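Peer 1:
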Amino acid sequence: MSPTIKSGILDMTVAMVLSGTIGWFVLQSGQSPANVVFLRCLIGAPVLALLAYRAGVLAVVRGRTLFLAMIGGVALVLNWLALFSAYPLASISAATIVYNVQPFMLVGLGVLFLGEKVSTNKLVWLGLAFAGMLAMTLSGPATEENAQGSYLLGILLAVVAAFCYAVAAFVTKSLKGTSPYLIALVQVGTGVVLLAPLADWHDLPTAPQNWAMVATLGIVHTGIMYAFLYSAIQKLPVVLTGTLSFLYPVVAVIVDMYAFGHVLTPVQALGGATILFAAIATTLNLAPKALLLPKRKAPQR
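Number 255 in the working numbering belongs to position 254 of the sequence shown; there are no gaps in the numbering.
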């Protein structure tokens, strides 16, 4: 294994571990989802600007690039709002796992807007993921304090978040040649403008620990995490990047279990494992037959 690949694996691992802790910081901040997202964008913007400057890509964005980046920013902000709202309703674990149906959303957008064809393999994995999501949805609330209706709303919000993220990723794909740091900067800048009127200015953090949580989300989970993620993307093949991305829900489940005592029920765990397996198989473009049927040895001559 080359040093570049090793470095990329380390970068991607750090980025995914950081991603898996986001839910804990969101809940510990004591802020509403709108306030958390607004402050994350507000604090993260200068960090991303600094990263873009250091990378030599800081520039004024105009025209079509600016328009598409802003559309992606709206989708990204809605994604964060929906996901952060899902955490207290369905638990960090359940919401994060369901959120990982996003690869299938991206495939659907490709079919609708780019005329891409869906292979039989992907349809099989989509059906498997849907079965897993159905199992998680019908398996009851993740926490005793949540009513069934609240849990179902949390699952629905996680699905909405996945769709919004897929839209943001789909739009970003059309901006080839533009620095990811610059795209992210426009996106969080859009978030600041979009959420400034919606933020509760009378309920901003007052305690130092709450400010520390929000500041960490802006500096670490928006700025530093992007640096590690983009570094990994530049160094690793797509297949390896996609595979390592599934460390994110695993870390989120572990954090939720140890920080809040939320343990998935057996049915939830089975449904979650099914979703993640189907998502990994889709990312790696695996064929179901290849996994079910043993390889035949070539006849000896």
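Quick reminder that beta carbons are idealized off the backbone N, C-alpha and C, glycines included. In this text the structure is predicted, and so the values were computed from the model without any measurement.
Cutting at 6 Å between CB atoms, please list the residues of its own chain near Val125, excluding the five before and the five after it.
Peer 2: Excluding positions up to five away in sequence, the list reads Pro289.
Peer 1: Please classify Pro77 as buried or exposed, where buried requires at least 16 other C-beta atoms within 10 Å of its C-beta.
Peer 2: As written in the sequence, residue 77 is Leu, which differs from the Pro given in the question. Counting Cβ neighbours within 10 Å, Leu77 comes out buried, since at least 16 surround it.
Peer 1: Which runs of the beta strand (DSSP E), 3 residues or longer, sit entirely within the stretch 92–131?
Peer 2: None, since the stretch 92–131 contains no complete beta strand (DSSP E) of that length.
Peer 1: On the DSSP letters alone, give me the boundaries of the alpha helix (DSSP H) that Pro181 sits inside.
Peer 2: Segment 181–196, the alpha helix (DSSP H) holding Pro181.
Peer 1: When the Cα atoms are used, what is the spatial distance from Phe131 to Ile225?
Peer 2: Cα to Cα, the separation comes out at about 34 Å.
Peer 1: Pick from Leu40, Ile10, Asp204: whose alpha carbon is nearest that of Leu218?
Peer 2: Taking only the C-alpha atoms, the option nearest Leu218 is Leu40.
Peer 1: Report the start-end ranges of each alpha helix (DSSP H) in the stretch 208–245 that is 4 residues or longer and not cut off at the edges.
Peer 2: With a minimum length of 4 residues, the continuous alpha helix (DSSP H) runs that stay inside the stretch 208–245 are 209–219, 226–236, 239–245.
Peer 1: Does Ser140 come out as helix, strand or coil in the three-state DSSP assignment?
Peer 2: DSSP places Ser140 in coil when its eight states are reduced to three.
Peer 1: When you compare each of Val252, Ala53, Val99, Ala260 to Leu135 by their alpha carbons, which one comes out closest?
Peer 2: Comparing Cα positions, the closest option is Val99.
Peer 1: Residues in the same chain with beta-carbon distance under 7 Å from Leu82, minus the five sequence neighbours each way, listed in chain order, please.
Peer 2: These residues qualify, in order along the chain: Pro34, Ala35, Val38.
Peer 1: Taking all protein chains shown into account, decide if Asn80 is buried (16 or more other Cβ within 10 angstroms of its Cβ) or exposed.
Peer 2: By the 10 Å Cβ count, Asn80 comes out buried.
Peer 1: Is the Cβ-Cβ distance between Leu195 and Thr66 less than 8 Å?
Peer 2: No, the Cβ-Cβ distance between Leu195 and Thr66 is not below 8 Å.
Peer 1: Taking 8 Å as the cut-off, decide whether the C-beta atoms of Thr284 and Thr244 are in contact.
Peer 2: Yes. Within cutoff.
Peer 1: Apart from the five residues on each side of it in sequence, which residues of its chain come closer than 6 Å, Cβ to Cβ, to Ser140?
Peer 2: Cβ within range, chain order: Thr266, Val268, Gln269.
Peer 1: May I ask you to report which of helix, strand or coil DSSP gives Gly272?
Peer 2: Helix, per DSSP.
Peer 1: To the nearest angstrom, how far is the alpha carbon of Thr231 from that of Val18?
Peer 2: Correcting the residue identity first, residue 231 is Tyr in this sequence and not Thr. If I take the Cα positions, the gap works out to 15 Å.
Peer 1: Please report the distance separating the alpha-carbon of Val27 from that of Ala279.
Peer 2: Near 28 Å, if we compare the C-alpha coordinates of Ala279 and Val27.
Peer 1: Are the CB atoms of Ala53 and Leu183 nearer to each other than 8 Å?
Peer 2: Cβ distance < 8 Å, so Ala53 and Leu183 count as in contact.
Peer 1: Here's a check: name, in chain order, each residue in its chain whose Cβ is nearer than 7 Å to the Cβ of Ala282, leaving out the five neighbours to either side.
Peer 2: Closer than 7 Å at the Cβ level, and outside the excluded window around Ala282, lie Trp126.
Peer 1: Let me know if Gly272 comes out buried or exposed under the rule of 16 or more other beta-carbons within 10 Å of its beta-carbon.
Peer 2: When all chains shown are included, Gly272 counts as buried.
Peer 1: Counting Cβ pairs, one atom from each stretch, are 3 or more of them under 8 Å apart for the stretch 247–266 and the stretch 196–216?
Peer 2: The stretch 247–266 is not in contact with the stretch 196–216.
Peer 1: Need the endpoints of the alpha helix (DSSP H) that Ala200 sits in, please.
Peer 2: No alpha helix (DSSP H) holds Ala200; DSSP gives it neither H nor E.
Peer 1: Within 10 angstroms of its Cβ, does Pro89 collect 16 or more other Cβ (buried), or is it exposed?
Peer 2: Buried, because 16 or more other Cβ atoms sit within 10 Å of the Cβ of Pro89.
Peer 1: From the DSSP output, in three-state form, read off Gln32 for me.
Peer 2: Looking at Gln32 - three-state DSSP - the assignment turns out to be coil, as it is neither helix nor strand.
Peer 1: Which one of Ala167, Pro198, Arg63, Leu153 has the shortest CA to CA distance from Val110?
Peer 2: According to the sequence as given, residue 110 is Leu; it is not Val. Per the Cα distances, Ala167.
Peer 1: Alpha carbon to alpha carbon, how far is Leu287 from Leu69? Give it in angstroms, no decimals.
Peer 2: Each residue's Cα considered, the two are about 32 Å apart.
Peer 1: Below 8 Å between beta carbons: does that hold for Tyr152 and Ala96?
Peer 2: Result no, Cβ atoms of Tyr152 and Ala96 do not sit closer than 8 Å.
Peer 1: Buried or exposed for Pro4, please, with buried defined as at least 16 other CB atoms from any protein chain shown within 10 angstroms of its CB.
Peer 2: It counts as exposed.
Peer 1: Sort Cys42, Ile6, Ser8, Ser94 by Cα distance to Val251 and report the nearest one.
Peer 2: Val251 has its Cα closest to that of Ser94, out of Cys42, Ile6, Ser8, Ser94.
Peer 1: Please report the straight-line C-alpha distance between Thr138 and Val161, rounded to a whole angstrom.
Peer 2: The straight-line gap from Cα to Cα measures roughly 14 Å.
Peer 1: Under the rule that 16 or more other beta-carbon atoms within 10 Å means buried, what is Phe164, buried or exposed?
Peer 2: So Phe164 counts as buried.
Peer 1: Note the first and the last residue of the continuous alpha helix (DSSP H) segment covering Thr266.
Peer 2: Run containing Thr266: none; DSSP gives neither H nor E here.
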